[in-house]
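Written below as structure tokens is the structure these notes are about.
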Amino acid sequence: MEKDDILIGSVKKPGTPEPFSGFWKQATFAWLATTFRRGYTQVLSVEDLPDLDPKLDSGIIGRELASTWAKTRDKSAKYALFRVCLNAYLAPFLSGVLPRLCLTAFTFCQPFLISAIVTWVGSADASTAFGKGLIGATALTYIGMAVSTALYEYRTIRFVIRLRGGLISLIHGQTARARSVDLGNITAIALMGTDVERITVAFRYIHEVWACCIDIAIAVYLLERQVGVACVMPVVIILVFIGATLPLSASTSTAQRLWVEKVEDRLRLTSHVLENIKAVKMLGLSEKLSSIIQGLRHAEIVASAAFRKLLIWRIVLSQSPTDLAPIATFTLYVIIALIRKDNSLLAAQAFTSLSLVALLTTPVLTLIQSIPAVIQCMGCFDRMQEYCSVPYASDVSDLQVNSTESFGGPSVDLEKVSIGSRPHEDLVEFHNQNFGWKDAKNPVLSNIDLSIKHGAFTAIVGPVGSGKSTLLESILGESLATEGSTKRNFATIGYCSQTPWLQSHTVRENIIGNMDFDKDWYKTVIWACGIEEDLSRLAQGDKTPVGSNGLNLSGGQKQRISLARALYSRCRVVILDDVFSGVDAAATEKIASRLFEANGLFRNMRTTVVFTTHSNLLLPYADQIVVLTDGRISEKGALKDLIASSSYIQAMNVKTSSACNEEIVASDEKASTRGFSHIIGVDEEEESVPDSAESTLNELSEDDTARQKGDFSDYIYYLRATGFPVAVGFLGTVAFWAFCRQFPTVWVDWWTAANERNPEAGVGMYLGVYAFLGVIAPFQFFQLVDIGNITNRFSRDMDLIDMDLPMQALNFVAATGTCTAQIVILAVYAKYLAITIPFVACLVYITQKFYLRTSRQLRLLDIEAKAPLYTHFLELVSGAVTVRAFGWQAAFDDVCVSLLNFSQRPVYLLNCIQQCLQFFLDMMVAVVTISLMAMVVFMRDSFDPGSVGVALVMVMTFNSNLMLLIRFWTLMETSIGAISRIKSYVATTKPEEMAEDMQPLPAEWPSTGSIKLSQLEAGHSMTSAPVLKSLTMSIKPGEKIAICGPSGSGKTTLALSLLRMVETQQGSIEIDGVDLSMHSRAEIRQRLNVVTQEPFIMPRDVRFNIDPLQNASDESMIEALQRLGLWESMKSEGGLDMPLKTTSWSAGQRQLLCLARAMVRRGKVLILDEATSR
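Using full-length UniProt numbering, read the sequence shown as starting at 1 and increasing by one per residue.
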């Protein structure tokens, strides 16, 4: 047993053998053997992959970059972040330099070998011993190249993985700590998903920028020794094409930015629609918004046209030196030779020169492609630098909630809650302070003078849009403060935003957040927040997943879970932003008594509570009431004083504490002592809450053998979409292009052979044909690349289909054509070596099958493993204020590290197995080359110098072309998975509209608005438990019916049943005598008038939001806005054409805008789903 086997055995499964691998195991990637075996024999999950090398742990590399960035004095300096990244990871960056220099040295041994071999074959008196020495030199050269390439790529991969982990960690930390108002329009999701990925792809070639310059200089020097002054021609061509590429790169970057902006517009709208898909369907806007998204998609494709054209020209320019340099070199050489009547072009000189020209143009091609990529990366670094240079809010603490910042210990006795001493200073003091979200000229709050005492309950009230939520966020330090002064005296806050923020975890995980699970205190919190009955109705109890944004819960349930989280935290300060707006009056009164009464939990713990409300049930509990009007404090004081003096408080009809409250408290005290055995999950033995990140990760993989073997029908599906005539023309163009690129080498052999027989005979013909073949190749490539336009036929929201798949298919077919041409030439010129071609082809096929099974799965795992990280970022962005208030930044950093490590594993291993394949192919080509040399040496009489030269020049590039073939095959197999998912989605997703649904509704329906429900049973699906059971009721035209019940009782479900958004399992629903089950769901929703519980506003202008179907007049819209008191504030900002930003409107204002939409839409049936809760 080897030492690494012993050490790995002590590491937590699965471990990784990489840290214990020696030089040769690293150089040959032998440590990946187990991964290949697993990938070939089973369907992989991320957990089956080896762990990351501990040196690549995202926590370590993230801290390295964050520490270096924090020490940077001038974060606004040009390329500051780029320089910081190099400084932080300098050693890993420099580790690739030595193997890259070795690769250059071994590479330039090839032309010397070719010259020596061709000369040896052409010399009759050359010794056999010298030939045998050439065999050894060939082995050393090609094996050295293989090992140097493997080590160089391995070191570069590790540097890039560090860079990716460090940048994502830096972006995450900035998102968690910097205020949203300071970060501007750049989004963390775009930086992580687009900019970081572009940097990691481009930085794989960062060493090529300097190494290619060295290669070019060496190649020019050696070429000058062969062809003299003619060596300047490749240099001239290089300079011309680099000069043409640089401005083109800048234009390409600009065009790409414009395209990305269009993509972001579509993604932003699509994301907003998907997040509010329930409201979209209820309002009957599915078709309208779908057409808008399709319009944005069309605009995106139009914007991409300029980028695609520039990309094509860039590829043509980068390919041209490879084809034009030999032509120009030989043309000038022949002209000079004819003028001087010098020596003719012979085999040794010609093929040595060809090899040198290839070695010259290859780094030129790489350099031309690398420079634009690096320039674009600088733009990505600039965006990240702008985002990460925003300072943290100095007055918001970044502390972790712990026992010193909370009340009680691990368990709480309600009768013995520890009462800490009340601090002497106020919680917060504002002196003549202005607050806003944009700039100082337009503050939302003005001249705020306010002090909030520790331990006091402060209520903030006022009409819709008066600035209540802004005041709460100003206490947190999230808004822009101008003038005046502010003093804050708190560390962490239990914050409940107006729109409840929930993570895609279980109910229990959302309640306990980042804190340890304390069963007794948890039960108390569940009781105090009135959640016990809700949990008893859920099939999985408190282990029920809440879904994205709490999709599986009602509005009231989400608010109470958010409140429970704040209570469970035991924070000294709690801020509640209208958390009872979706809770019925009885539940509100019950919960308020449990929390705010003299014996309530908040009072017992002397918690400072600041809350906004529109409910008259909560004001009696407030020690201080602040009334806001038009962004100013109009009144403040105790309730008893304001009842007499404040017209606003008088209009709220506040009720003081009653005997009813005392009864509630008494009954609650009894309830608090009873068991919770009916709440599933609370009394189970497992008290620790599983890490939701881990539970999410374990659900990613599915047992699908297609992940290993692929599906050829996906290619047929793709070709059918592009058109078979286009595909046939494409393949024909590729074949001709490959011929034009490879045949010139054969032509040179014929030319040199003719020169040996009759110097300078037919020089015009040979040179003319050679030039024609070289010039036509770039033109054919231009025609070839234009196939990318087929993507315009797709309207799918997938970047793989937009750009990756067409380019990968193009490169795969081009590499296939090139390799086929080279194999044919080798079979002809290498003679007996042709016997090995079937065996080599069989070996390549087996290798590809073995490799592709693992590679395909790793690419799919790469996509899947990023999903939890994206979800985490999305949740952090939407709940950053809550995270900062609770002081959970460090905890979220830890989750990010865990998810980032998880996503790094398939990325890192995928790059490593690609290089393992490269090493294998390099070694295979080395064996073929050594075999060729052995045959040439021991069967010398069977070969002529020209044949040997042709064969060796072919071998020089065959391994790289073969690697490109397999690499692009693998990439194409992965990208075709996008087609597979589309095909699967189209084939398996059940459409909402079935054939029997499509009977048209009467033109004037609904004409009266009578509704009849007969024995209605409805649920979320046809097989789920019914939410509505045997419901029968009739509503006459013009009647106003109020549907009441506790939270979660089915009020919203009843409204959804009228819109056919839940499944009718039994019974029927009729409106004006029309059975809804027989008609289109979309048409029904368009005919009914709805105001949703969560206000739905599109990030467009006022006109669209009020009249999305474009049926109302401007006069009717303005009248509705005037009646709701919104028009005056809009009039000066553009009126109906004023753009709306959802973040700049309070929830109440958004709800009023939704009411305006209902007012102009009119109709005989109006459905209000808690429309006045805001």
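Note that beta-carbon positions come from the ideal geometry of N, C-alpha and C, so glycine has one too.
query: In terms of residue numbering, what span does the beta strand (DSSP E) encompassing Leu-1013 cover?
result: Taking the first residue of the sequence shown as 1, we reach residue 1013 at position 1013. Where Leu-1013 is concerned, the enclosing beta strand (DSSP E) stretches over 1011-1019.
query: Relative to the C-alpha of Phe-873, which residue among Pro-50, Leu-170, Thr-458 is closest?
result: One-based indexing of the sequence shown puts residue 873 at position 873. It is Leu-170.
query: Where does the unbroken beta strand (DSSP E) through Tyr-495 begin, and where does it stop?
result: Locating residue 495 in the sequence shown gives position 495, where the first residue counts as 1. It spans 493-496 - the beta strand (DSSP E) in which Tyr-495 sits, taken as one unbroken run.
field: Cβ-based neighbour list, Met-1159, same chain, cut-off 7 Å, excluding 5 preceding and 5 following
entry: Here residue 1159 refers to the residue found at position 1159 of the sequence shown. Ala-1120.
task: Go through its chain and collect everything with a Cβ distance to Cys-109's Cβ below 7 Å, but skip five positions before and after it.
output: Taking the first residue of the sequence shown as 1, we reach residue 109 at position 109. The answer, listed in chain order, is Thr-141.
message: Just to confirm, is the Cβ distance from Ala-1112 to Leu-964 under 8 Å?
response: Counted from its first residue, the sequence shown places residue 1112 at position 1112. Counted from its first residue, the sequence shown places residue 964 at position 964. No, Cβ-Cβ distance for Ala-1112 and Leu-964 is not below 8 Å.
query: According to the neighbour-count rule (16 or more other Cβ atoms, all chains shown, within 10 Å of its Cβ), is Gln-999 buried or exposed?
result: For this step, residue 999 is matched to residue 999 along the sequence shown. By the neighbour-count rule (16 or more Cβ atoms within 10 Å), Gln-999 is not buried but exposed.
- request: Could you tell me which residues DSSP puts in a beta bridge with Glu-429?
  value: Translated into positions along the sequence shown, residue 429 becomes position 429. BP columns for Glu-429 point to Ser-451, Lys-487.
- prompt: When DSSP labels each residue in this structure, what does Cys-1044 get in the three-state scheme?
  reply: Walking along the sequence shown from the start, residue 1044 turns up at place 1044. If DSSP states are grouped into helix, strand and coil, Cys-1044 belongs with coil.
- request: Using 10 angstroms around the beta-carbon of Gly-465, count the other beta-carbons present and answer buried if the total reaches 16, otherwise exposed.
  value: As a position in the sequence shown, residue 465 is number 465, starting the count at 1. Buried, by the Cβ-count rule.
- prompt: If Ile-1167 sits next to Asn-1089, beta carbons under 8 Å apart, how far is it from one beta carbon to the other, in whole angstroms?
  reply: As a first step, residue 1167 is located in the sequence shown; it is residue number 1167 there, counting from the start. As a first step, residue 1089 is located in the sequence shown; it is residue number 1089 there, counting from the start. With a Cβ gap of about 7 Å, Ile-1167 and Asn-1089 count as contacting.
message: Measuring straight from C-alpha to C-alpha, what distance separates Met-954 and Lys-55?
response: For this step, residue 954 is matched to residue 954 along the sequence shown. For this step, residue 55 is matched to residue 55 along the sequence shown. Cα to Cα, Met-954 sits roughly 41 Å from Lys-55.
task: Examine the Cβ distances between the segment 630-642 and the segment 479-498 and report whether three or more of them are shorter than 8 Å.
output: no
query: Could you give the distance in angstroms between the alpha-carbon of Gln-1065 and the alpha-carbon of Arg-537?
result: As a working note, residue 1065 is residue 1065 in the sequence shown. As a working note, residue 537 is residue 537 in the sequence shown. Roughly 20 Å between the two C-alpha positions.
field: Closest by C-alpha distance to Ile-237, when choosing among Ile-368, Arg-572, Pro-838
entry: Sequence index remark: in the sequence shown, residue 237 carries index 237 (1-based). Of the candidates Ile-368, Arg-572, Pro-838, the one whose C-alpha sits nearest the C-alpha of Ile-237 is Ile-368.
- request: Going by DSSP, name the residue or residues bridged to Ser-1034.
  value: Residue mapping note: residue 1034 aligns to position 1034 of the sequence shown, counting from 1. Lys-1012.
message: Using CA atoms only, rank isn't needed, just tell me which of Gln-1086, Val-1091, Met-1061 is closest to Ser-1077.
response: As a position in the sequence shown, residue 1077 is number 1077, starting the count at 1. Measuring from the Cα of Ser-1077, the nearest candidate turns out to be Met-1061.
task: State the DSSP-derived secondary structure class of Cys-102, mapped to helix, strand or coil.
output: Residue 102 sits at position 102 when you count from the first residue of the sequence shown. Cys-102 falls in the helix class under three-state DSSP.
field: Whole-angstrom distance between Ser-389 and Gln-433, CA atom to CA atom
entry: Here residue 433 refers to the residue found at position 433 of the sequence shown. Here residue 389 refers to the residue found at position 389 of the sequence shown. Answer to the nearest angstrom: the Cα atoms are 26 Å apart.
query: Helix, strand or coil: how does DSSP classify Ile-633 here?
result: As a position in the sequence shown, residue 633 is number 633, starting the count at 1. Note: Ile-633 maps to strand in three-state DSSP.
query: If we ignore side chains and look at the alpha-carbon of each, how far apart do Asp-786 and Glu-1115 end up?
result: Indexing the sequence shown from 1 puts residue 786 at position 786. Indexing the sequence shown from 1 puts residue 1115 at position 1115. Low confidence applies here, because Asp-786 scores a pLDDT of 36, under 50, leaving its location unreliable and the question unanswered by this model.
- request: Assuming Ala-176 contacts Phe-886 (C-beta within less than 8 Å), just tell me the rounded distance between them.
  value: Reading the sequence shown from its first residue, position 176 is the one you call residue 176. Reading the sequence shown from its first residue, position 886 is the one you call residue 886. At roughly 11 Å, the Cβ-Cβ gap does not stay under 8 Å, so Ala-176 and Phe-886 are not in contact.
Length-filtered (4 minimum) alpha helix (DSSP H) runs lying within the segment 836-890: 837-878, 880-886
field: 6 Å CB neighbourhood of Arg-1103 in its chain, flanking five on each side removed
entry: If you number the sequence shown from 1, residue 1103 lands on position 1103. Here the set comprises Leu-1136.
Cβ distance (whole Å) where Asp-578 is taken to contact Thr-612 below 8 Å: Working through the sequence shown from its first residue, we reach residue 578 at position 578. Working through the sequence shown from its first residue, we reach residue 612 at position 612. Indeed, because the Cβ distance is near 5 Å, the residues count as touching under 8 Å.
message: Quick check: what's the CA-CA separation for Thr-818 versus Thr-929?
response: Here residue 818 is taken as the residue at index 818 of the sequence shown, counted from 1. Here residue 929 is taken as the residue at index 929 of the sequence shown, counted from 1. Each residue's Cα considered, the two are about 18 Å apart.
query: What is the residue span of the alpha helix (DSSP H) that Glu-275 lies within?
result: Taking the first residue of the sequence shown as position 1, residue 275 is located at position 275. Glu-275 -> alpha helix (DSSP H) spans 232-275.
- prompt: Can you give, in chain order, each stretch of the alpha helix (DSSP H) that sits fully within the segment 17-83 and has at least 4 residues?
  reply: 23-28, 33-41, 58-70
field: 7 Å CB neighbourhood of Ile-1043 in its chain, flanking five on each side removed
entry: Start at 1 with the first residue of the sequence shown, and residue 1043 comes out as number 1043. Result list for Ile-1043: Lys-1051, Leu-1054, in chain order.
message: Check whether the segment 119-133 and the segment 376-387 touch, using three or more Cβ-Cβ pairs below 8 Å as the test.
response: no
query: By Cβ distance, which residues of its chain are closer than 7 Å to Leu-869, with the 5 residues on each side in sequence left out?
result: In the sequence shown, residue 869 corresponds to position 869, counting from 1. Around Leu-869: Leu-899, Leu-900, Ser-903.
Cβ contact (3+ pairs, closer than 8 Å) linking the segment 521-530 and the segment 478-492: no
message: Can you check which of these residues, Ser-1129, Thr-1023, Trp-1005, is closest to His-1079 by C-alpha distance?
response: Residue numbering aside, residue 1079 sits at position 1079 when the sequence shown is read from its first letter. Looking at the Cα atoms, Trp-1005 is the closest of the given residues.
field: Bounding residues of the alpha helix (DSSP H) (the contiguous stretch that carries Glu-509)
entry: Position 509 of the sequence shown holds residue 509. It spans 507-512 - the alpha helix (DSSP H) in which Glu-509 sits, taken as one unbroken run.
- prompt: By DSSP, does Ser-1068 sit in helix, in strand, or in coil?
  reply: Position 1068 of the sequence shown, counted from the first residue, corresponds to residue 1068. Of the three classes helix, strand and coil, the one that applies to Ser-1068 here is strand, per DSSP.
- request: For the alpha helix (DSSP H) holding Asn-604, just list the boundary residues, first then last.
  value: Residue 604 sits at position 604 when you count from the first residue of the sequence shown. Looking at the DSSP string, the run of the alpha helix (DSSP H) that includes Asn-604 is 601-604.
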